[in-house]
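Notes to accompany the following structure.
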Amino acid sequence: MSIQMSRRGMLQAAAAAGAAAALPFGLSSHAAAEEALTVFGPLPPDPAPPGAAKFSEAAFEAWKKAHGASVTYDLLAWPQLHDRMATAFASGSAPWDVIYMCGWVPEFVSFLTPFADELPKSLVDDLPASSFETVTWQGKRYGAIFTLSLLTLFYNKEHLAEVGFNEAPKNWDEFKRATKELTRNGRFGFVANYGDPAGIGGTASYWMAFLQQAGGKMYGEDGMPVFKSDAGVAALQMMMDLMAAGTDPGSISYASINDSTNVLLAGRASMMMNWPFMWNAAQDPAQSQIVGKLASAILPAGPAGSASIDGTDAWTVSKASKNPALARQLVEFYLDAEVQKRQALDTGWLPIRLSVLADPEVQQKLPNAAVVLEQAKHPYNSFVTPDFNQVTQAVGTEVQKALQGQKTAAQAIADASDLVTAIVKRRG
Amino acid sequence: MASQATFEQRRRSAGLFLVAPAIVVLLAILGYPILESMMLALQRVQLNAGEIQRSFIGLGNFQRLLADETFRHAALNTLYFSVAEVVLVVVLGFGVALLLNHPLGRPGFFRILLVVPWAIAPVANAVLWKWILNANYGVLNGILQSLGLIDYYQVWLGSPFSALNFLLLVDVWKSVPFVALLLLAGLQRVPSILYRAAYMDGASRLQAFRHVTLPSMRGAVAIAVVLQTIWSLRVFDLVFVLTRGGPADATVLLNFLAYRVTFNFLDIGYGAAIANVIFVLTLLLAILYIRLVRPAEGAAR
Amino acid sequence: MSYALYRRGGPGLRLVTIVGLVLFVVWSAAPVVWLILSSLLQQKALIARPPDLSPANLTLDNFVTVVASAAALGRGILNSLIVALFSTAVALALGAPAAYALARLSVPRANAIAFLVLATQMLPSIAIAIPLFLVISRIGLIDNVFSLGVVYLSFNLPIVIWILRGFFLGIPAGLEKAAAIDGAGVLRTFWHIVLPISIPPLGAAAVFAFVEAWNEFFFALILTRQSAQTVPLVIAAFAGQYQTVFGQMMAAALISVVPVIVLAVVFRDWIVRGFADGMMKG
Numbered sequence: 001m002s003i004q005m006s007r008r009g010m011l012q013a014a015a016a017a018g019a020a021a022a023l024p025f026g027l028s029s030h031a032a033a034e035e036a037l038t039v040f041g042p043l044p045p046d047p048a049p050p051g052a053a054k055f056s057e058a059a060f061e062a063w064k065k066a067h068g069a070s071v072t073y074d075l076l077a078w079p080q081l082h083d084r085m086a087t088a089f090a091s092g093s094a095p096w097d098v099i100y101m102c103g104w105v106p107e108f109v110s111f112l113t114p115f116a117d118e119l120p121k122s123l124v125d126d127l128p129a130s131s132f133e134t135v136t137w138q139g140k141r142y143g144a145i146f147t148l149s150l151l152t153l154f155y156n157k158e159h160l161a162e163v164g165f166n167e168a169p170k171n172w173d174e175f176k177r178a179t180k181e182l183t184r185n186g187r188f189g190f191v192a193n194y195g196d197p198a199g200i201g202g203t204a205s206y207w208m209a210f211l212q213q214a215g216g217k218m219y220g221e222d223g224m225p226v227f228k229s230d231a232g233v234a235a236l237q238m239m240m241d242l243m244a245a246g247t248d249p250g251s252i253s254y255a256s257i258n259d260s261t262n263v264l265l266a267g268r269a270s271m272m273m274n275w276p277f278m279w280n281a282a283q284d285p286a287q288s289q290i291v292g293k294l295a296s297a298i299l300p301a302g303p304a305g306s307a308s309i310d311g312t313d314a315w316t317v318s319k320a321s322k323n324p325a326l327a328r329q330l331v332e333f334y335l336d337a338e339v340q341k342r343q344a345l346d347t348g349w350l351p352i353r354l355s356v357l358a359d360p361e362v363q364q365k366l367p368n369a370a371v372v373l374e375q376a377k378h379p380y381n382s383f384v385t386p387d388f389n390q391v392t393q394a395v396g397t398e399v400q401k402a403l404q405g406q407k408t409a410a411q412a413i414a415d416a417s418d419l420v421t422a423i424v425k426r427r428g
Numbered sequence: 001m002a003s004q005a006t007f008e009q010r011r012r013s014a015g016l017f018l019v020a021p022a023i024v025v026l027l028a029i030l031g032y033p034i035l036e037s038m039m040l041a042l043q044r045v046q047l048n049a050g051e052i053q054r055s056f057i058g059l060g061n062f063q064r065l066l067a068d069e070t071f072r073h074a075a076l077n078t079l080y081f082s083v084a085e086v087v088l089v090v091v092l093g094f095g096v097a098l099l100l101n102h103p104l105g106r107p108g109f110f111r112i113l114l115v116v117p118w119a120i121a122p123v124a125n126a127v128l129w130k131w132i133l134n135a136n137y138g139v140l141n142g143i144l145q146s147l148g149l150i151d152y153y154q155v156w157l158g159s160p161f162s163a164l165n166f167l168l169l170v171d172v173w174k175s176v177p178f179v180a181l182l183l184l185a186g187l188q189r190v191p192s193i194l195y196r197a198a199y200m201d202g203a204s205r206l207q208a209f210r211h212v213t214l215p216s217m218r219g220a221v222a223i224a225v226v227l228q229t230i231w232s233l234r235v236f237d238l239v240f241v242l243t244r245g246g247p248a249d250a251t252v253l254l255n256f257l258a259y260r261v262t263f264n265f266l267d268i269g270y271g272a273a274i275a276n277v278i279f280v281l282t283l284l285l286a287i288l289y290i291r292l293v294r295p296a297e298g299a300a301r
Numbered sequence: 001m002s003y004a005l006y007r008r009g010g011p012g013l014r015l016v017t018i019v020g021l022v023l024f025v026v027w028s029a030a031p032v033v034w035l036i037l038s039s040l041l042q043q044k045a046l047i048a049r050p051p052d053l054s055p056a057n058l059t060l061d062n063f064v065t066v067v068a069s070a071a072a073l074g075r076g077i078l079n080s081l082i083v084a085l086f087s088t089a090v091a092l093a094l095g096a097p098a099a100y101a102l103a104r105l106s107v108p109r110a111n112a113i114a115f116l117v118l119a120t121q122m123l124p125s126i127a128i129a130i131p132l133f134l135v136i137s138r139i140g141l142i143d144n145v146f147s148l149g150v151v152y153l154s155f156n157l158p159i160v161i162w163i164l165r166g167f168f169l170g171i172p173a174g175l176e177k178a179a180a181i182d183g184a185g186v187l188r189t190f191w192h193i194v195l196p197i198s199i200p201p202l203g204a205a206a207v208f209a210f211v212e213a214w215n216e217f218f219f220a221l222i223l224t225r226q227s228a229q230t231v232p233l234v235i236a237a238f239a240g241q242y243q244t245v246f247g248q249m250m251a252a253a254l255i256s257v258v259p260v261i262v263l264a265v266v267f268r269d270w271i272v273r274g275f276a277d278g279m280m281k282g
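Residue numbers (UniProt numbering), protein chains in the order written: chain A, 1 to 428; chain B, 1 to 301; chain C, 1 to 282.
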């Protein structure tokens, strides 16, 4: 392969040489121009970067020009991201500079650089401190969340009004009562996607939200599971009670959130835990029969108050990047206040910057922004670890067994705890 | 005698000349990956510090399999699934081939329709069936209810037995076309002179089927059975889209488990061990089938 | 009873055949009909209960959206065509002679070789994906349609060999002997005698290789990036994390099936007709 380099490329290459020389491996195919960046991320309508999704396109062009950079997008449907990444990493190569991650930072941390520790203070101060929880490993920050994506409660105002609820249920008891009363006329009070046990948005992660509402947590200081507790059992019992009270029985078979969202959008379920992105879909008359009827509220409080989980859509920078400084600047551009605002207004993905979340224009266009911001004041840990997939697979499967009546809540939690202990020990 | 030897020799060298390119190509593509996957099965593989760390642990992964409840479960599911699928696909495929070989089934329309289920991209096919089977808005529920066959919408993918059998149904639907095509090609190779002879001898149609059709089809059926066995043991995409192995691991098949362990858990050595179990199982079954049909081949010659 | 009637069967058999054909059509077509309807309806209508098929909900929007975003789809179809045609052609060109040699020519240990060829199919592709990726990325051929086509030979070639070998085994030995007595060499016998009477199995093998390459997903996922992306990846893109635009996905799937059906229409007489019948009588 012939290597062609512009003058500026040479200069930048020289500047980056120090960093590049220290890297364990390089990629010849990307050596053509040092100012070239490759970004790996999801296709829209999942949270795609500017230029890929339709927002801030002019600003993106201007940024590239100003930095003498070319940016290549390698975009893939969200469900396949992890497979392609895993194959590349397992073969020892990471052909991308900037990489999208969703709870996978601890898993792939050895391929990433802790670039977020170098983000300007003015930017970091404008981000919720807890947003770094899922992208921090052993004290270093490897990623920057770019959209505030927390589970909140979505509900059909009309249905709730019919049974005398003028606002969303505030606590577990009200939640159960509402679910029971709303289950009538061929409708269900609640719907969820309990079909896929693993990952963010899988059965286990829903239980994690209830766990924190009950005041529990997954791991102790030593990294070993501590959820075999009253809180762990109460969380699962709550899910089972909701099931009995009037959760769509199909929930156990809905393997993706789209399956359950459709039930809510068809008006045959009244409540659902869902992500902020859902808001725009519900207002689209081509796919929703409940346009204008949807409202959102923070998740009902358990014994310890409200709590949620983090959808954790983050940008990271590859350790193998030839131009980590430029890669960091690209992420800073993605987090630029104006870009964040367009992201919210044009795509429906909420910003992560607190100043933009508070922007009246954003709040008016996306009324759920205020709710998500309120939810962010409560815990929203997703408990990601290097073996997150394995842990959530094990926990989620036990939760499914309990939901199907094969096990009691206490049994399922005890078994899940044993499984997770074995997984954590094997990691060593 | 001398010319006979030359004839045989010529056939042998021509044979080697004809077979070599294919073998070389196959070895070049698959040699290393297959050996490597067998090596991986004997190792503990971890992603660390930007590179893979591997340590040789002998049969450690296979010992782990023995104690792994999910694996045992997956093996049983796979056994049921594969046996049922091979039987259903070959029987239905044979039936369809007979239909399309009958003068009434000759119009091109049928042959084109035959190819369609198989030609639909599996990713879309799986999503199509997920919608058809949906517990809340699936059209299957809608049709069955309007026909009065069910009172309430059923959660087809909600209980272990039902979910596994619906996976089976969808995979059978997708797999029948190729086997039918293969057997149809086989039926058309049955020399019509044999039927004419049967007719002359006054054999009934059923007798002709038993004594002319079936024996001539043995080779084609054997190929169909072997290939379908291989494919049934490798089913993955349907599980991935329709059930994710759920509910509660009820529909986990071995190849899906190998995928999950390798790509979701990044436990690459353990995943390779599961894949190699599939390999050995398939190999044993294939040897069995081939032993069973070999006498027939000899007789045909 | 005349011979023609004997072959066609009496009224009983005709009835059974007609019922069977009707069941076959319903079984094969019903899900496809639903696929087509889905591609013509808004999502709102599809999640109604029962699905709302009123004409007001019919729309071509799904196709418009898919075609408008179709830089990807067009490129995907082109890539898939190249990959599938390349892989099919090479698999037949290498596989048919190899199958013939393994079936009819006195290759030493022919059965063992044939079995080893088949054995390569018994290891799931998941197991070889990572090593294969490693090799292909080392030689710099990630995201290349031809390297994908070559990888597809890893399943197409063995299956083609097995389909054809089975049929070649069934050729009466007298046919080749007669050709040999006429002075034809092995290669000429293969080309002029064996191949022409093997058109149905060749057609079945070709259709197999084409469809499998056309629809293959997993290798395409890990071995391509943007420029060599094939159709299944483009279709999969309609199913995201939060949203599956079902109608659009079905529209894309329908568009992607068209080339395969066109192929089936063009080659239907190739795939299936009693060529062999006529030839074998002689």
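Think of the CB as a built atom: it goes at the ideal place given N, C-alpha and C, for glycine as much as any other residue. None of these values were measured; they are calculated from a predicted model.
Open item on the list: To the nearest angstrom, how far is the alpha carbon of residue 362 of chain A from that of residue 259 of chain C?
Closed with: Cα to Cα, the separation comes out at about 46 Å.
Task: Chain-ordered neighbours of residue 146 of chain B on chain C, where CB pairs are closer than 9 Å - done: Residues of chain C passing the Cβ test: 50.
Open item on the list: For the region 150 to 157 of chain A against the region 288 to 300 of chain A, do three or more pairs of beta-carbon atoms, one drawn from each stretch, fall closer than 8 Å, so that the two count as touching?
Closed with: In short, these stretches touch, since the Cβ pair count reaches three.
Open item on the list: Counting C-beta neighbours from all protein chains within 10 Å, is the total for residue 287 of chain C 16 or more, i.e. buried, or is it exposed?
Closed with: Residue 287 of chain C lies beyond the range of chain C shown here (1 to 282); nothing can be said about it.
- [ ] Using 10 angstroms around the beta-carbon of residue 429 of chain A, count the other beta-carbons present and answer buried if the total reaches 16, otherwise exposed.
- [x] For chain A, the structure presents residues 1 to 428; residue 429 of chain A sits outside this window and is missing.
Open item on the list: So that I know if they touch, is there some Cβ in chain C lying closer than 8 Å to that of residue 184 of chain A?
Closed with: It does not; no Cβ of chain C falls within 8 Å.
Task: Three CB pairs or more closer than 8 Å across the region 231 to 242 of chain C and the region 174 to 191 of chain C - done: Not touching, per the Cβ criterion.
Open item on the list: Quick check on DSSP: helix, strand or coil for residue 324 of chain A?
Closed with: Secondary structure of residue 324 of chain A (DSSP, three-state): helix.
Open item on the list: Taking 7 Å as the cut-off, is the C-beta of residue 250 of chain B nearer than that to any heavy atom in the ligand PLP?
Closed with: No copy of the ligand PLP appears in this structure; indeed no ligand is present at all.
Open item on the list: I'd like to know whether the C-beta atoms of residue 281 of chain A and residue 193 of chain A end up nearer to each other than 8 Å.
Closed with: No, the pair does not count as a contact, with Cβ atoms beyond the cut-off.
Task: Bridge-paired residues (DSSP) for residue 153 of chain A - done: Paired residues: A:273 and A:297.
TODO: Quick one: measure Cβ to Cβ for residue 59 of chain C and residue 40 of chain C, integer angstroms, because I've assumed they're closer than 8 Å.
DONE: The C-beta distance from residue 59 of chain C to residue 40 of chain C rounds to 7 Å, short enough to fall under 8 Å.
Open item on the list: When you compare the CB of residue 85 of chain B with every CB in chain C, is at least one pair closer than 8 Å?
Closed with: Chain C contact via Cβ: absent.
TODO: Between the Cα of residue 68 of chain B and those of A:423, A:168 and A:427, spot the shortest distance and give me the residue it belongs to.
DONE: For residue 68 of chain B, the closest of A:423, A:168 and A:427 by C-alpha to C-alpha distance is A:423.
TODO: Using a Cβ-Cβ cut-off of less than 8 Å, give me the residues of the region 152 to 179 of chain C that come near chain A, in sequence order.
DONE: For the region 152 to 179 of chain C, there are no residues whose beta carbon sits under 8 Å from a beta carbon of chain A.
Open item on the list: At the 8 Å Cβ level, is residue 200 of chain C part of the contact set with chain B, yes or no?
Closed with: With its beta carbon less than 8 Å from one in chain B, residue 200 of chain C belongs to the interface.
Task: residue 243 of chain A, enclosing alpha helix (DSSP H) - first and last residue - done: Unbroken alpha helix (DSSP H) run through residue 243 of chain A: 230 to 246.
- [ ] Mind checking the region 215 to 244 of chain C against chain A and listing, in chain order, the residues whose C-beta falls within less than 7 Å of any C-beta there?
- [x] Near chain A, meaning a CB-to-CB distance below 7 Å, the residues of the region 215 to 244 of chain C are 221, 222, 225, 226, 236, 237, 239, 240, 241, 242, 243 and 244.
Task: From A:36, A:56 and A:37, residue whose alpha carbon lies closest to that of residue 347 of chain A - done: Checked all of A:36, A:56 and A:37; the closest Cα to residue 347 of chain A is A:56.
- [ ] May I have the straight-line CA-CA distance separating residue 21 of chain B from residue 98 of chain C, to the nearest angstrom?
- [x] Whole-angstrom Cα-Cα distance: 8 Å.
Task: Inter-residue spacing [alpha-carbon to alpha-carbon] between residue 411 of chain A and residue 235 of chain C - done: If I take the Cα positions, the gap works out to 42 Å.
- [ ] Check whether the Cβ of residue 156 of chain A lies closer than 8 Å to any Cβ atom in chain B.
- [x] With 8 Å as the cut-off, residue 156 of chain A does not count as an interface residue toward chain B.
- [ ] Give me whichever residues DSSP pairs with residue 44 of chain B in a beta bridge.
- [x] According to DSSP, which records beta bridges pairwise, residue 44 of chain B is partnered with B:55.
Open item on the list: Is residue 196 of chain C close to chain B? Criterion is C-beta to C-beta, closer than 8 Å.
Closed with: No, its Cβ sits nowhere closer than 8 Å to a Cβ of chain B.
Open item on the list: Beta-carbon within less than 7 Å of residue 302 of chain B's beta-carbon, same chain only, minus the 5 sequence neighbours each way: which residues are those?
Closed with: Absent from the model: residue 302 of chain B. The displayed extent of chain B is 1 to 301, so no value can be given.
Task: Member of A:373, A:229 and A:399 whose CA lies at the smallest distance from the CA of residue 310 of chain A - done: Closest by C-alpha distance to residue 310 of chain A, out of A:373, A:229 and A:399, is A:373.
TODO: Starting from the beta carbon of residue 275 of chain A, find every residue of chain C whose beta carbon is closer than 8 Å, and list them in chain order.
DONE: Chain order gives the chain C residues near residue 275 of chain A as 242, where near means a beta carbon separation below 8 Å.
Open item on the list: In this structure, how does DSSP classify residue 216 of chain B when only helix, strand and coil are distinguished?
Closed with: In the three-state scheme derived from DSSP, where H, G and I count as helix and E and B as strand, residue 216 of chain B is classed as helix.
Task: Interface partners of residue 237 of chain B on chain C, CB under 9 Å - done: In chain order, 217 and 218 make up the part of chain C whose C-beta sits under 9 Å from the C-beta of residue 237 of chain B.
Task: CB of residue 269 of chain A within 8 Å of CB of residue 188 of chain A, strictly - done: In contact: residue 269 of chain A and residue 188 of chain A (Cβ atoms closer than 8 Å).
- [ ] Establish whether the CB of residue 257 of chain A and some CB of chain C are separated by less than 8 Å.
- [x] Yes, residue 257 of chain A counts as interfacial toward chain C.
Open item on the list: With the cut-off set at 8 Å, would you say residue 253 of chain C and residue 35 of chain C are in Cβ contact?
Closed with: Inclusion of residue 253 of chain C and residue 35 of chain C in the CB contact set at 8 Å is warranted, their separation being smaller than that value.
- [ ] Determine, using beta carbons only, whether residue 204 of chain A and residue 51 of chain A come nearer to each other than 8 Å.
- [x] No.
TODO: Go ahead and pull the three-state DSSP assignment for residue 24 of chain A.
DONE: Caution applies to residue 24 of chain A, whose pLDDT of 35 falls short of 50 and renders its modelled position unreliable; the value that the coordinates give is listed next. The three-state reading of DSSP puts residue 24 of chain A in coil, since its state is none of H, G, I, E or B.
TODO: Determine, using beta carbons only, whether residue 272 of chain B comes closer than 8 Å to chain A.
DONE: By this cut-off, residue 272 of chain B is not an interface position.
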